[in-house]
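Peer 1:
Numbering (the numbering used here), first residue to last: 12 to 257.
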């Protein structure tokens with residue numbers, strides 16, 4: 012089963028008031044070409060699809076056109092929200108999208124969605140189980156940008172940010188009843204990750220930096236989003252940032 016890990020598309024982003032939508036259209040065409048030529052089965056988008064909570068109509072159209080193209084290729088696409096995304100707005104089309112093989116973090120439960128070479132056996136908001144034609148199965152856990160508001164819970168004053176995120180990850184992994192290989196898609200700042208000049212200074216301070224040890228040992232690949240440089244946080248454990256698409 013072949014996965015493509017991508018993140019931080021920031022559709023609608025401007026550079027010194029110069030729109031970058033045409034560049035983004037070009038790079039997404041390249042992404043689709045890679046998906047097709049490399050026979051990708053699953054695309055992970057690890058957050059920050061858009062650059063703002065209220066993206067332009069043009070940015071939303073580009074996103075949905077790309078999802079439609081991925082669906083046409085028989086690919087399962089798994090999307091989590093980042094700190095730049097409004098999770099409710101991002102997943103507004105979830106019921107329609109799931110029938111086309113597009114799954115959002117926080118979505119409602121669906122079962123047995125057949126795509127090209129894979130079937131999504133279960134998609135249940137914070138995890139998926141995906142099976143290919145050879146009966147190989149993978150458990151995919153999802154961690155959108157973690158805050159109490161996004162997780163719809165009250166603040167626990169006696170719980171550190173690290174402990175809180177560890178609890179979120181544990182909950183996402185807790186449904187792996189078949190003890191399948193696990194892939195985690197998360198939008199966080201991991202210790203050892205190197206920021207660049209293109210990130211805005213939100214939550215890049217020490218309070219929200221997480222150690223790689225927070226990732227359980229049964230996770231075979233961690234697909235990170237949030238930092239814009241492609242980089243390996245832990246080579247031995249396959250904890251990586253794909254970097255921003257552009």
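Virtual Cβ for every residue (Gly too), placed ideally from N, Cα, C.
As the structure is a computational prediction, the values presented were derived from the model and not from experiment.
Pick helix, strand or coil for residue 40, following the three-state DSSP scheme.
Peer 2: For this step, residue 40 is matched to residue 29 along the chain shown. Note: residue 40 maps to helix in three-state DSSP.
Peer 1: What would DSSP say about residue 238, mapped onto helix, strand or coil?
Peer 2: Along the chain shown, one-based indexing puts residue 238 at 227. Reduced to three states, the DSSP call for residue 238 is coil.
Peer 1: Any idea which residues DSSP pairs residue 30 with across the strands?
Peer 2: The residue labelled residue 30 in the question sits at position 19 within the chain shown. According to DSSP, which records beta bridges pairwise, residue 30 is partnered with 25.
Peer 1: Around the C-beta of residue 17, are 16 or more other C-beta atoms found within 10 angstroms, so that it is buried, or is it exposed?
Peer 2: Residue 17 sits at position 6 when you count from the first residue of the chain shown. The residue is buried, with at least 16 neighbouring Cβ atoms inside 10 Å.
Peer 1: Candidates 123, 19 and 135: which alpha carbon is nearest residue 186's?
Peer 2: For this step, residue 186 is matched to residue 175 along the chain shown. Of the listed residues, the one whose Cα sits closest to residue 186 is 135.
Peer 1: Contact between the region 188 to 196 and the region 147 to 158 is defined here as three or more beta-carbon pairs at a separation below 8 Å; is this criterion met?
Peer 2: The region 188 to 196, when compared against the region 147 to 158, does touch it at the 8 Å Cβ threshold.
Peer 1: Let me check one thing: in DSSP terms, what residues is residue 124 bridge-paired to?
Peer 2: On the chain shown, position 113 is the one that residue 124 refers to. Answer is 131, bridged to residue 124.
Peer 1: Tell me, please, whether the region 17 to 28 touches the region 48 to 60 by the rule of three or more beta-carbon pairs shorter than 8 Å.
Peer 2: Yes, they touch.
Peer 1: Given this structure, state the Cα-to-Cα distance separating residue 234 from residue 28, to the nearest angstrom.
Peer 2: Here residue 234 is taken as the residue at index 223 of the chain shown, counted from 1. Here residue 28 is taken as the residue at index 17 of the chain shown, counted from 1. Roughly 31 Å between the two C-alpha positions.
Peer 1: Give the range of the beta strand (DSSP E) segment to which residue 167 is assigned.
Peer 2: Residue mapping note: residue 167 aligns to position 156 of the chain shown, counting from 1. Where residue 167 is concerned, there is no enclosing beta strand (DSSP E), given that its DSSP letter is neither H nor E.
Peer 1: Taking the beta carbon of residue 222 as the centre, do at least 16 other beta carbons fall within 10 Å, making it buried, or is it exposed?
Peer 2: Reading the chain shown from its first residue, position 211 is the one you call residue 222. By the neighbour-count rule (16 or more Cβ atoms within 10 Å), residue 222 is not buried but exposed.
Peer 1: Compute the distance between the beta-carbons of residue 84 and residue 127, then report whether it is under 8 Å.
Peer 2: Your numbering for residue 84 matches position 73 in the chain shown. Your numbering for residue 127 matches position 116 in the chain shown. Contact: yes.
Peer 1: Considering only residues of the same chain and omitting the five flanking positions on each side of residue 98, which have a CB-CB separation below 7 Å?
Peer 2: Here residue 98 refers to the residue found at position 87 when the chain shown is read from its first residue. The residues are 92, 117, 155 and 161.
Peer 1: Kindly provide the ranges of any alpha helix (DSSP H) runs that are 4 or more residues long and lie completely inside the region 41 to 115, ordered along the chain.
Peer 2: Whole alpha helix (DSSP H) segments, 4+ residues: 68 to 83, 98 to 101 and 105 to 109.
Peer 1: Less than 7 Å between C-beta atoms, sequence neighbours within five positions excluded: which residues of the same chain meet that for residue 184?
Peer 2: Position 173 of the chain shown, counted from the first residue, corresponds to residue 184. Result list for residue 184: 152, 193 and 227, in chain order.
Peer 1: Report the partner residues of residue 139 according to the DSSP bridge assignment.
Peer 2: Residue numbering aside, residue 139 sits at position 128 when the chain shown is read from its first letter. Answer is 134 and 151, bridged to residue 139.
Peer 1: Does the Cβ-Cβ distance between residue 249 and residue 225 come in under 8 Å?
Peer 2: Here residue 249 is taken as the residue at index 238 of the chain shown, counted from 1. Here residue 225 is taken as the residue at index 214 of the chain shown, counted from 1. The answer is no: Cβ separation not under 8 Å.
Peer 1: Return the CA-CA distance between residue 123 and residue 26, expressed in angstroms with no decimal places.
Peer 2: Translated into positions along the chain shown, residue 123 becomes position 112. Translated into positions along the chain shown, residue 26 becomes position 15. Spanning the two alpha carbons is a distance of roughly 42 Å.
Peer 1: Hey, how far is the Cα of residue 38 from the Cα of residue 229?
Peer 2: Against the chain shown, residue 38 aligns to sequence position 27. Against the chain shown, residue 229 aligns to sequence position 218. Their Cα atoms are separated by approximately 33 Å.
Peer 1: Have a look at 54, 71 and 109 and flag the residue whose alpha-carbon is nearest the alpha-carbon of residue 306.
Peer 2: Since the first residue shown for the chain is 12 and the last is 257, residue 306 is missing from the structure and cannot be characterised.
Peer 1: With H, G and I counted as helix, E and B as strand and the rest as coil, what does DSSP make of residue 13?
Peer 2: Here residue 13 refers to the residue found at position 2 of the chain shown. Residue state, collapsed to three classes: coil.
Peer 1: Measuring only the C-alpha atoms, how far is residue 30 from residue 240?
Peer 2: What you label residue 30 is simply residue 19 of the chain shown in a count that begins at 1. What you label residue 240 is simply residue 229 of the chain shown in a count that begins at 1. Residue 30 and residue 240: Cα-Cα distance of roughly 21 Å.
Peer 1: Compare the Cα-Cα distances from residue 77 to each of 132, 41 and 121 and report the closest residue.
Peer 2: By 1-based counting over the chain shown, the position of residue 77 is 66. Comparing Cα-Cα distances from residue 77 to each of 132, 41 and 121, the minimum goes to 41.
Peer 1: Identify the residues that DSSP records as bridge partners of residue 245: which are they?
Peer 2: Start at 1 with the first residue of the chain shown, and residue 245 comes out as number 234. Beta-bridge pairing links residue 245 to 250.
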